[in-house]
Each structure stands twice: as structure tokens, then as C-alpha cells.
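Visitor:
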Amino acid sequence: MLERIKIKNFRRFRELDVSPATRINVITGSNNAGKTSLLEAIFLLSSGGNFSGVNIGRYLQGLIEDTRSPAAVQRILWKPMFSALDTGASIEIAADHAEAGAISVKMYMEERDAGQRKKGVFGKQYLVCTFWRGNEQVGKSSHLPDGTDVQFTPGSMARDTEIPFSAKILPPYLDMDTTSSEPARLLGVLRQRKQGDLVLGALQAIEPRFQSIEENSSSGSPMIWGDLGLPELVPFSVMGGGMVRIVRFALAMATVEGGVLLVDEIENGIHHSVLADVWRVIDDMSRKLGTQVFATTHSYECLQAAASAIEGDDLAIHRLETDEDASRCVTLDRSQIDSVVEYRMEVR
0 MLERIKIKNF RRFRELDVSP ATRINVITGS NNAGKTSLLE AIFLLSSGGN FSGVNIGRYL
60 QGLIEDTRSP AAVQRILWKP MFSALDTGAS IEIAADHAEA GAISVKMYME ERDAGQRKKG
120 VFGKQYLVCT FWRGNEQVGK SSHLPDGTDV QFTPGSMARD TEIPFSAKIL PPYLDMDTTS
180 SEPARLLGVL RQRKQGDLVL GALQAIEPRF QSIEENSSSG SPMIWGDLGL PELVPFSVMG
240 GGMVRIVRFA LAMATVEGGV LLVDEIENGI HHSVLADVWR VIDDMSRKLG TQVFATTHSY
300 ECLQAAASAI EGDDLAIHRL ETDEDASRCV TLDRSQIDSV VEYRMEVR
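Under numbering that gives the first Met the number 0, the residue at position 103 of the sequence shown is numbered 102, and the numbers go up by one with no gaps.
1. Taking the straight line between their C-alpha atoms, what separation do you get for N54 and A70?
2. Sort R244, E206, G240 and P182 by Cα distance to N215 and report the nearest one.
3. Which residue spans inside the region 46–71 form an unbroken alpha helix (DSSP H) run of at least 4?
4. Mind checking whether D16 and C301 have CB atoms under 9 angstroms apart?
5. In the DSSP output, which residue or residues are listed as bridge partners for W278?
6. Going by alpha carbons, who is nearest to I26 out of G311, E264 and L288?
7. Is the distance from the Cβ of F81 to the Cβ of S103 below 9 angstroms?
8. DSSP three-state label for V346, please.
9. Kindly list the residues whose CB is nearer than 8 angstroms to the CB of R3, restricted to its own chain and excluding five residues on each side of it in sequence; keep chain order.
10. Residues in the same chain with beta-carbon distance under 8 angstroms from E256, minus the five sequence neighbours each way, listed in chain order, please.
11. Please report the distance separating the alpha-carbon of D337 from that of E206.
12. Would you call the region 307–315 and the region 34–47 touching, i.e. three or more CB-CB distances under 8 angstroms?
13. Compute the Euclidean distance between the alpha carbons of A166 and L227, then round it to the nearest angstrom.
14. Please go through the same chain and pick out, in chain order, the residues whose beta-carbon is closer than 6 angstroms to the beta-carbon of A325, but skip the five residues on each side of it.
15. Excluding the 5 residues flanking S89 on each side, which residues of the same chain have their C-beta closer than 6 angstroms to its C-beta?
16. Among residues of its own chain, excluding the 5 on either side of I92, which ones have a beta-carbon nearer than 7 angstroms to its beta-carbon?
17. What is the rounded straight-line gap between the Cα of P234 and the Cα of L76?
18. Give every residue of the same chain whose Cβ lies closer than 7 angstroms to the Cβ of E98, excluding the five residues on either side of it in the sequence, and list them in chain order.
19. Thinking T295 and T86 are a contact (beta carbons under 8 angstroms), I'd like their distance in whole angstroms, please.
20. Measure the C-alpha to C-alpha separation of G33 and F12 and round it to an integer number of angstroms.
21. Look up T178 in the DSSP assignment and say whether it is helix, strand or coil.
22. To the nearest angstrom, report how far apart T144 and N31 are at their CA atoms.
23. Using 10 angstroms around the beta-carbon of K139, count the other beta-carbons present and answer buried if the total reaches 16, otherwise exposed.
24. Please go through the same chain and pick out, in chain order, the residues whose beta-carbon is closer than 8 angstroms to the beta-carbon of G200, but skip the five residues on each side of it.
25. Hey, F248 and V237: beta-carbon distance below 9 angstroms or not?
Right under this line is the structure:
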């Protein structure tokens with residue numbers, strides 16, 4: 000489990016220290032305070048700096064079509080990762096991990112000399128990522144903006160170096176295509192591990208009519224269907240955004256058992272009346288699977304629901320605050336959270 004996160008020169012963070020992190024972490028703050036950037040930083044650390052990690056912004060910000068060219072990768076994806084667009088300064092994302100100790104990813108831009116350049120490849124710079132355990136560099140990778148010449152050193156994090164935790168990030172929009180075969184495949188994997196009931200239990204907490212969930216191929220390809228006590232199974236694609244959101248939570252959390260689930264705007268698509276039930280589901284699955292959760296929210300009702308559903312010291316609220324170029328994180332522990340809820344203090 001991540002216990003402390005420190006960020007330097009990433010996005011709008013010149014420096015940011017988030018501590019102590021607990022099992023369930025709710026991140027608040029005004030628009031452009033850096034909530035999504037914090038999730039992105041944790042995911043990047045979990046990747047060890049591999050290509051999927053450094054390009055996660057394409058997925059989070061919906062920039063897939065806008066970043067097809069090497070020029071767009073440099074200008075839209077990579078350069079804005081550096082604080083104040085200063086590519087001369089290195090990025091560092093570090094954490095204290097309960098089992099692995101101190102780990103970090105460091106990133107910088109480096110000039111390619113004439114001998115390294117390939118004909119037709121855009122740009123003179125490439126992105127270098129190094130992965131560290133304590134003061135020892137244990138991996139290094141170099142990425143070109145055209146994505147065709149990613150070079151890994153021997154012992155790099157991409158192939159040989161064991162990253163101490165896995166992570167899954169869920170954006171605020173409903174991106175899970177319930178008509179595709181991937182959710183059905185994931186459900187099948189869980190059933191093989193005898194964990195399919197975790198997903199069913201999550202759904203039943205919100206909709207008690209659920210009797211079972213199935214992977215069914217009668218429509219031509221594997222899909223997730225639900226038994227609501229009707230004469231036939233019902234495909235999840237027609238059940239509404241809230242139910243899809245719950246399935247996404249459950250599948251994602253089980254996919255990163257023992258790792259970290261990152262959820263942006265967790266309340267999206269979920270009615271306020273069931274938010275406490277959703278948090279109970281997340282809390283229960285987190286305990287059973289050993290998965291740590293970081294979730295952003297703008298909703299006071301969501302904060303209240305989390306406070307009522309999660310007991311003990313396993314909940315923390317981290318409020319990100321900005322003042323011109325400075326950023327800071329104010330962390331509220333259990334007693335402070337209870338006071339906030341009781342007196343309706345503003346912490347969003």
C-alpha cells in the first residue's frame with residue numbers, strides 16, 4: 000500500500016506531498032487544482048515509466064484522435080507533463096510503499112545526436128524514464144514521439160524489473176463498452192478464481208433484484224447479462240449508466256487485486272441516494288482484495304456518504320489547494336472528517 004506520495008515538476012505541481020495515505024483516499028479541490036493529475040502520477044509510478052504510463056493522458060483527456068502524430072505527442076502529451084512547460088526540469092514521482100519501501104520514477108527530455116536520429120522520425124528529443132528503488136536505479140526506458148522506436152536498457156522496468164504494485168485508472172465518463180467481449184472476459188477470469196460473487200454482491204447492494212450475472216454469447220459475441228427475475232436475461236448495455244459504473248468498479252478492483260484503483264469523479268452516473276451503498280461495496284471489496292483506492296469528487300454528498308459508510312481510520316480526505324504556482328495537500332483524518340460532516344464545513 001502507498002503510504003506517502005511526493006511529486007515534483009509534474010503538471011501544475013512544482014512540489015506536492017500527499018501523506019498519510021490510507022486504504023480509501025478521497026481527493027477534493029477546486030477545478031484545475033490537480034486532482035486528475037494526482038491520479039495520473041500514481042498510475043505513471045505504477046507503470047515504472049513505460050510507454051502506457053507516460054501516455055495515459057491520451058486516455059484520460061480524450062485525446063486519442065488528437066495525438067496521432069509525433070508532433071502532437073510532443074506538444075500535447077509530453078510537454079504539458081512538465082510543470083510550467085519547462086522541459087529542462089526533471090519530473091519525479093516518488094512514494095513510500097508499505098512492502099517495497101521507497102520507489103520513484105524520474106523523467107526528463109534528452110536530445111538525440113545525429114547518429115541516433117532516424118530518417119523520417121519527428122523531433123530531436125526523446126523522453127527518458129528511470130525507475131528507482133531507494134537510491135538505486137533499477138530500470139530505464141527511452142521513448143520516441145512516433146512510438147516506433149522505444150528502446151529499453153537491459154534490466155528495464157518494461158521487461159525485467161518487478162513493479163511493486165499494479166494500478167487501474169477509471170476516467171469520469173462511461174467508457175466501458177458493455178457490448179464488447181472484454182468485460183465478459185474479465186468476469187470469466189474472476190469466476191475462474193471463484194471471485195465472481197464479488198461483482199454480483201456489488202450489484203445486489205444497489206439493485207436487490209439481481210439474481211445472477213452471466214457471460215453469454217447468444218448475441219454473437221461474449222457479453223455480460225443480468226438475471227433480474229424476468230423471463231430472459233437482460234444485457235447490461237440497456238441497464239443505465241449507474242449499473243455500468245458499478246460493474247466497472249468491481250471488475251477494475253478485482254483486476255488489480257493487491258494494487259491501486261484510481262477513480263476520477265467517482266460519483267458520476269450514480270444517484271445520491273445509493274452513494275453510501277456504493278462506498279460500502281468499495282470498502283468491502285477493498286478489504287477482501289487488498290486494493291487501495293484513490294477517488295476524486297466534487298460532491299459533498301459523496302463525501303458524506305463515504306464518511307457514513309467507511310468506519311475507522313481507513314478513510315482519508317486529501318484536499319488539494321493552489322496559490323499561484325504553489326500547491327499543497329491538506330489531509331483530514333477520521334476525527335477531522337467527522338467534524339467536517341457534522342458541521343458541514345467546506346472541503347470540496
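Built from N, CA and C at the ideal position, the CB exists for glycine as well.
These numbers were taken from a predicted model, which means no experiment stands behind them.
Guide: The structure says:
1. Computed Cα separation, rounded: 14 angstroms.
2. A check of alpha carbon separations from N215 across R244, E206, G240 and P182 identifies P182 as the nearest.
3. Complete alpha helix (DSSP H) runs here, min 4: 50–53 and 55–59.
4. Result no, Cβ atoms of D16 and C301 do not sit closer than 9 angstroms.
5. In DSSP, W278 forms no bridge with anything.
6. Looking at G311, E264 and L288, the one whose alpha-carbon comes closest to that of I26 is E264.
7. Not in contact: F81 and S103 (Cβ atoms no closer than 9 angstroms).
8. In the structure shown, V346 sits in coil (DSSP, three-state: anything other than H, G, I, E or B).
9. Non-local beta-carbon contacts of R3 in its own chain, meaning distances under 8 angstroms to residues more than five positions away in sequence, involve D16, V17, S18, P19, A20, A94 and D95 in chain order.
10. Spatial neighbours of E256 in its own chain (CB-CB distance under 8 angstroms, excluding positions within 5 residues in sequence) are listed in chain order as L288, G289 and T290.
11. Straight-line Cα distance between these residues: approximately 29 angstroms.
12. No: the two stretches stay apart, fewer than three of their Cβ pairs being nearer than 8 angstroms.
13. Whole-angstrom Cα-Cα distance: 32 angstroms.
14. Apart from the 5 residues on each side of it in sequence, A325 has no Cβ closer than 6 angstroms to any other Cβ in its chain.
15. Exclusion of the five residues before and after S89 leaves K105 and Y107 as the residues of its chain whose Cβ lies within less than 6 angstroms of its Cβ.
16. Same-chain partners within the cutoff: I6, F9, A40, L43, L44, S103 and V104.
17. Rounded to the nearest angstrom, the two C-alpha atoms are 36 angstroms apart.
18. Cβ within range, chain order: P163.
19. Going by Cβ atoms, the distance from T295 to T86 rounds to 27 angstroms, so no, they are not a contact pair.
20. Distance between the alpha carbons of G33 and F12 is about 8 angstroms.
21. Low local confidence applies: a pLDDT of 46 at T178 is under 50, so the model's placement there is unreliable, with the coordinate-based value given in what follows. For T178, the secondary structure class from DSSP, reduced to helix, strand or coil, is coil.
22. According to the sequence as given, residue 144 is Pro; it is not Thr. In this model, P144 and N31 are separated by some 26 angstroms (Cα to Cα).
23. When all chains shown are included, K139 counts as buried.
24. Answer for G200: V280 and D283, listed in chain order.
25. Using a Cβ distance threshold of 9 angstroms, F248 and V237 do not count as a contacting pair.
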